[in-house]
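Chains V and A are the protein sequences, given in the same order.
Heads up: the first sequence is residues 883 to 1684, going by the numbering used here.
Heads up: the second sequence is residues 883 to 1684, going by the numbering used here.
Beta carbons are placed, not taken as given, at the ideal position from N, Cα and C, and that holds for glycine.
All values derive from a computational prediction rather than experimental measurement.
Number of protein chains: 2
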Amino acid sequence: MHLEDCESPVERSCCLIELDANDGGNYDIVNDVSSPAAGDCCSRQSSARHNWEMNYQEAAIYLQEGENNDKFFTHPKNAKALAAYLFAHNHLFYLMELTTALLLLLLSLCEAPAVPMLRLGIYVHATLELFALVVVVFELSMKMRWLGFHTYIRHKRTMVKTFVLFVQFIEAIVVLVRQTSHVRVTRALRCIFLVDCRYCGAVRRNLRQIFQSLPPFIDILALLLFFMVIFGILGFYLFSPNHSDPYFNTLENSLVNLFVLLTTSNFPDVMMPSYARNPWSCVFFIVYLSIELYFIMNLLLAVVFDTFNDIEKKKFKSLLLHKRTAIQHAYRLLITKQNPSGISFKHLEGLLRFYKPRMCARDRYLTFKALNQSNTPLVSLKDFYNFYEVVGLKWKAKRNREHWFDELPRTAFLIFKGINILVKSQAFQYAMYTVVAVNGIWILVETFMLQGGNFLPRDVPWSYIVFLTIYGVELLLKTTGLGPIEYLSSGWNFFDFLVTLFAFLGLLTLAFNMEPFYFIVVLRPIQLLRLFKLKKRYRNVLDTIFELFPRMASLGLTLLIFYYCFAIVGMEFFAGVVYPNCCNTSTVADSYRWLNHTVGNKTVVEEGYYYLNNFDNVLNSFVTLFELTVVNDWYIIMEGVTSETSHWSRLYFMTFYIVTMVVMTIIVAFILEAFVFRMNYMRKNQDSEEDNGIVLEKEIFKEEMVAVTELYKINCATSEVAQLQKIIVQMDKYEQPSMLFLGRRSRTKSDLSIKMYEEEIQEWYEEHSRKEEYQQRQEALPSSSNNPLKPLGLRQRSQTVI
Amino acid sequence: MHLEDCESPVERSCCLIELDANDGGNYDIVNDVSSPAAGDCCSRQSSARHNWEMNYQEAAIYLQEGENNDKFFTHPKNAKALAAYLFAHNHLFYLMELTTALLLLLLSLCEAPAVPMLRLGIYVHATLELFALVVVVFELSMKMRWLGFHTYIRHKRTMVKTFVLFVQFIEAIVVLVRQTSHVRVTRALRCIFLVDCRYCGAVRRNLRQIFQSLPPFIDILALLLFFMVIFGILGFYLFSPNHSDPYFNTLENSLVNLFVLLTTSNFPDVMMPSYARNPWSCVFFIVYLSIELYFIMNLLLAVVFDTFNDIEKKKFKSLLLHKRTAIQHAYRLLITKQNPSGISFKHLEGLLRFYKPRMCARDRYLTFKALNQSNTPLVSLKDFYNFYEVVGLKWKAKRNREHWFDELPRTAFLIFKGINILVKSQAFQYAMYTVVAVNGIWILVETFMLQGGNFLPRDVPWSYIVFLTIYGVELLLKTTGLGPIEYLSSGWNFFDFLVTLFAFLGLLTLAFNMEPFYFIVVLRPIQLLRLFKLKKRYRNVLDTIFELFPRMASLGLTLLIFYYCFAIVGMEFFAGVVYPNCCNTSTVADSYRWLNHTVGNKTVVEEGYYYLNNFDNVLNSFVTLFELTVVNDWYIIMEGVTSETSHWSRLYFMTFYIVTMVVMTIIVAFILEAFVFRMNYMRKNQDSEEDNGIVLEKEIFKEEMVAVTELYKINCATSEVAQLQKIIVQMDKYEQPSMLFLGRRSRTKSDLSIKMYEEEIQEWYEEHSRKEEYQQRQEALPSSSNNPLKPLGLRQRSQTVI
């Protein structure tokens, strides 16, 4: 039993409750208030407590910075900065940031050249823009208050944002004054507002990764272009004597066509004129494609993949060490002079109140217990290092009953038990798979028979009703047999549920002949995806897809941001340049043709359709850019636009190709890395095949509970007291001396990485602590007092108060 | 000093020479003949020696089997089998195999539908075929003699070959009898003769790897096709009401077009009719492409890459253990009862005579010394495990002089020394890079100015002469400064040399106006590749390319074998089906058009050229298949052929697409794996950056040399004695007591792997030896006497002899 946690001599007289938890261990709840009756001592403490509140808050901020990978030099330095920090760091503010950024981006729908239905007057959209920009100014001023002028200037991203804001402001005013939109290519820079949003951290990481992968990428690209130039010269010499060959008649054409050939877009065509003349000319093209497409392009992927792997590991390392440093900073703020060896529950509780305000009292105590592995009343630094792993756990009381129906009367219990056994049986599952398979074949055959007939029968087909009934019965059985919560906790069951729901909506659609919703009926085959549960590899692959999804989405968003930039530039330069029957001077005129023949007494429409791939508004531009991304026949779009503008337009298209190539290569590298990583992980841990996330079990004794409740009572936190008393009542009801709680969270990539790099991590830690020791020794010297990594402002103040 | 190597009491009297090599160590050359004078003892030994010869031969065969990864159950079991084995295992026989296989494959050039210039009468080519088949029969009969009937039947590949041979034989006879070629799709099976060649081991390995990667590939392919079917049904429901949309009017069209869309070949076109009607229909295509092309296709690559990595490692492991077993077998044949702890030089020499007949006596002794790390006169099993690493070394006497001109007179020496310093200086190199860069820009500008003019001037341009002179001078300086051997030993210098030579040939071409060779002039820009030496990453990449080359070539050959099969099938079914102005019923009729308009008084030729992509002979088929491999616009070829034949033709094209997709994915996976492996290796060994292959240094003392010479003298091997005496003379000349020799070989993938998996390899070895012990214990039991892994036939016989 220790005397602890009395921060100052003043409080010495009115502190200390000691409690013996009779769990055989020695959990002590140490408090600095002697008893609930000691009311007058509360007021004496208040100033000390206020200082502690500041420490809690700062520690919570450190931990947040650690989690979000924010650099510590942006840490608020004084009380004013702290207020600004708190103002700028909550979901309301983040949402405001996001909405203004989106508003600015969406404005391009309404500005000329606008989407026809959304066109707004110049007054309206310019005012909207100014309004959004003012909001951004407000956000930036808050940031400046928080960071201070010097840090603000040192923060590159913020400076770029400020500059872009300035330009946009001036342009918006110019538009408003001139009452007409000028060439505003700078609108492409609006993306920075979105990228800078707190919620777009993943996009920023992706962009950083793309830029880091660029140097090796550019090297190989140079090799690629070098061979292109060599073959360009060669092709020009070889094929320009052939006057029926339009692809190599000048060096420029030769180079452009070889660039397009790199994307295979013009492949057999570019070869045909020379091939028709001399069959051996195909050797030129085969060699070119073998070197460029099949070798160097794959080398590009290999180099990017390799860099990507390396970066991922480095990123993981720096993030891990950053978190560790954050934990160290927070720890230093939470220990007292009297007890430098650990954090007491009171202080951890104070920290958690700021770090996770929504966490309930019970969970805070469980977090304390989960962290505290040494069975002493204090959490040591070594235990505290697990903070991020433990704080994410979701706690639940472990139930004694196995099924939801255990407490029902005997007859009902037996019925539900029977359903439970049925639902869990192999036979039932395979029967359902058979039904799904039959349904699939049925749909296929049905569709095949429909050929050109009337697809939407007025009456609902009986097969549809039969299958839906079976699925409905299955759903019902599973829900009753497993209980709704257990049923929906499995992703696959949730998927089944959704699909059945959709099928039911489809039935309604059919029954009431609601035309616009008939696509729901068409979604029926999705149900077949259930069949893929059968094989382990598919489960793996689908699980991987599920895990990859957030990252894929952020990569998709990154791509969309590039699209936006290119769409704006495209609109400014190429809006309205392609139209039906344009581009008659180019080789691709056919694709832009739109003719109304009259053959006999029938009008035959000859459509090339390519005039639809234009830059007339943002939406069209996005579709056009997607077509350029897919690459096939992109040269038709390029040549069309080029023939109506100038040769330099090709630069736009080629740049876009290279940019999407970079992003796509990164996406491929990412998928490869994630998949290979997971497979390696599974190979390493073949025993623990079923992976239910991370689970931790903790037991709480009634005495501990009572002590914690007392603590809250003193602090007059009535809602928490009520919560805790409920648990105590429950314990009394079942006459248990203790209660078991399960903490659970899903496994993240970081957990996997920790397990994969186990050995290396120890080395990193050692290296890191060596560096830190060195730094501390440097700090001890008077010269290095402004080292940014040591605890800043607030800490120094609170130290003097204690 | 030990008494050793006396295999039998008979020889006991006439053995043993003991030699003290006075290098401080204790190398003993132990011989079983007492002195050169003991001539009569020679005859007594002859029978024993004959038995030893058998043992040497069998050990050499074991080692060869280990090296070539031949299974030990094909090991020759008796003297007759051994004779057949030796007959079937030499380069002459291998060449015969290869020539007959190539002859059979090349026959398809002359058989109908033949390449016009190479057409042969049916009599001629059928007779040629029969002749080649008879040769194959002979080869197989030799194999049967060597393997024995039972093993022959158990060897799958050989059985397949026999079956194909039988079919081909019958068909050839039928052709000869009927005097006309029938539909001979089975000709596609001729590839097996090539695949079975000894020289095509790499191709067999590739094929095995492809087949091993198939199961996961097929799984993901099923997922891909599943989504295709779902979207096919969806597309049919959504777009078939639009009558101007030819792509989705039936379910079959819908599926085929989505399959083609998977290859992006028909991309914007397939979307256009529905997009023109409702802009939102683009969502369908974007979702489809995102899921199929950008996600599942990459997943396919990831799965194959992962499997590939795994297989590579397993293959390396099994090969390593196989070699180890081979070494153990050989070792057991080379030790004597009296000296079970190692192999003496005499026996190793005997082995090497069979294993590497071209190795000279000096190198055999050096190999012995390199193997023998324990400084005893015997090579222990542990030392012998390094056999494969050591036997590949190329030995060279280490010269004392640094440069080739060290022995020239003083003045000449100073001149050459000056050149040497100049040539090795940074300034000289950068000056040359500048010249190359200027030359490159010059060529580019020159070509750009030529535009449509006369490219081949009658007189040689002065710039060409100037640059060539500079390169010539550089070549001369380097050759004289470094010496021709050192100069050409660097790959980069060799490349420079070749390029300069070509440029010189180009000059001759220009000077004498030799039209057909003018493409050499055009190759000039290749010289620019020298610039890539400048950056480390390029050197790495180019070195990797160089290392990958053999493997890439074998992968290319594998692809060609698939091409051959498909070409034969294509020719049998589609020869002559496409021609100018065919396919008028299909949607791609335009591409097959060939019209001769007369506009005004000019004839305008409107060519679609696609009729050139036909299956009219093997060469055309290969080009067409390459176009299908590149994928772009492949559906035009498919639709053309389909419209002239039947719907089922699509199966051919789709199968081909999937097969090439498999091979291409493997190629990508291979490049990825090789590159990432190399980069990881380099990261692990950052210190030893410059990699000159593996080098081993051994010193030989004159006394040893004399002893070895004596040994050969006894065995009456005069040529070897002469060789060795030359070395002794040389030692005498320079008055050296010893001479240093350097063994050198280039680093192989296997060396890298050994270093990468160092730790795991030890585990494998332990596991392997545990397994073997278990097996030996099993062998000790009488029941398992026919275990295929224990030493076979010959061994047992020779054991009884000893």
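Interface flag, residue i vs chain A, CB-CB below 9 Å
i, result
"Ile-1115/V", "yes"
"Met-1434/V", "yes"
"Ala-1184/V", "yes"
"Tyr-1176/V", "yes"
"Tyr-1474/V", "no"
"Phe-1108/V", "yes"
"Asp-1151/V", "yes"
Proximal residues to residue i (C-beta, below 7 Å), its chain only, five neighbours per side dropped
i, result
"Ser-1156/V", "Phe-1121, Asn-1124, Asp-1127 and Ser-1163"
"Phe-1113/A", "Leu-1140 and Tyr-1170"
"Thr-1033/V", "Phe-955 and Thr-956"
"Leu-1671/V", "The pLDDT assigned to Leu-1671/V is 40, lower than 50, so where the model puts this residue is not dependable, and the model offers no usable value."
"Asn-908/A", "Because the pLDDT of Asn-908/A is 36, which lies under 50, any placement of that residue in the model is unreliable, and the number read from its coordinates should be weighed accordingly. Around Asn-908/A: Asn-1257."
Listed by chain order, chain A residues near residue i by CB distance under 8 Å
i, result
"Ser-1147/V", "Asn-1514"
"Pro-1098/V", "Arg-1419"
Test: residue i CB closer than 9 Å to a CB of chain V
i, result
"Val-1381/A", "no"
"Ser-1095/A", "no"
"Val-1459/A", "no"
"Ala-1385/A", "no"
"Met-1546/A", "yes"
"Asp-1378/A", "no"
"Glu-1489/A", "yes"
"Val-1138/A", "no"
Chain-ordered chain V contacts of residue i [CB-CB under 8 Å]
i, result
"Cys-1164/A", "Val-1505 and Phe-1508"
"Phe-1298/A", "Here the premise fails: no neighbours, minimum Cβ distance about 36 Å."
Neighbourhood of residue i by C-beta distance below 6 Å, restricted to the same chain and skipping five residues each side
i, result
"Leu-945/A", "Ala-1208, Ala-1212 and Tyr-1237"
"Leu-1002/A", "Cys-992"
Interface partners of residue i on chain V, CB under 7 Å
i, result
"Val-1558/A", "Ala-1184, Phe-1187 and Asp-1188"
"Phe-1130/A", "Those do not exist, as Phe-1130/A stays about 11 Å from chain V at its closest Cβ, beyond 7 Å."
Chain-ordered neighbours of residue i on chain C, where CB pairs are closer than 7 Å
i, result
"Phe-1118/V", "In the displayed structure, chain C is absent; the protein chains listed are V and A."
Neighbourhood of residue i by C-beta, 8 Å cutoff - its chain only, sequence neighbours within 5 removed
i, result
"Lys-1205/A", "Gly-948, Glu-949 and Tyr-1270"
"Leu-1358/V", "none"
Proximal residues of chain V, C-beta to C-beta of residue i below 9 Å
i, result
"Asp-1101/A", "Lys-1417, Arg-1419, Tyr-1420 and Val-1423"
Proximal residues of chain A, C-beta to C-beta of residue i below 7 Å
i, result
"Ile-1553/V", "Asn-1180, Leu-1181 and Ala-1184"
Touch test, the region 1537-1557 of chain A against the region 1590-1603 of chain A, Cβ-Cβ under 8 Å, three pairs minimum: In short, these stretches do not touch, since the Cβ pair count stays below three.
With three or more beta-carbon pairs closer than 8 Å as the criterion, would you say the region 1103-1123 of chain A touches the region 1079-1087 of chain A? Pairwise C-beta distances place the region 1103-1123 of chain A out of contact with the region 1079-1087 of chain A, as fewer than three of them are shorter than 8 Å.
* Which residues, in chain order, does the region 1045-1064 of chain A contribute to contact with chain V at a C-beta distance below 8 Å? -> Flagged: no residues at all.
Q.
Can you pull out the residues from the region 1237-1253 of chain A whose beta carbon lies closer than 7 Å to at least one beta carbon of chain V?
A. Hits within the stretch: zero.
Would you call the region 1406-1416 of chain A and the region 1052-1063 of chain A touching, i.e. three or more CB-CB distances under 8 Å?
No: the two stretches stay apart, fewer than three of their Cβ pairs being nearer than 8 Å.
Between the region 1527-1538 of chain V and the region 1420-1427 of chain V, do three or more beta carbon pairs fall short of 8 Å? Contact fails between the region 1527-1538 of chain V and the region 1420-1427 of chain V, because fewer than three Cβ pairs, one in each stretch, are under 8 Å apart.
* Just checking, does the region 1058-1071 of chain A make contact with the region 956-969 of chain A on the three C-beta pairs under 8 Å criterion? -> With the cut-off at 8 Å, the region 1058-1071 of chain A and the region 956-969 of chain A do not touch.
Check: Would you call the region 1423-1436 of chain A and the region 1486-1499 of chain A in contact, with 3 or more CB pairs under 8 Å?
Finding: Touching, no, given that fewer than three Cβ pairs across the two stretches are closer than 8 Å.
**Any 3 or more C-beta pairs closer than 8 Å across the region 1549-1557 of chain V and the region 1177-1196 of chain A** = Taking 8 Å as the limit for Cβ pairs, the verdict is that the region 1177-1196 of chain A does touch the region 1549-1557 of chain V.
Please determine if the region 1449-1462 of chain A and the region 1518-1529 of chain A are in contact, where contact requires at least 3 C-beta pairs separated by less than 8 Å. Three or more Cβ pairs closer than 8 Å define a contact, and the region 1449-1462 of chain A meets that threshold against the region 1518-1529 of chain A.
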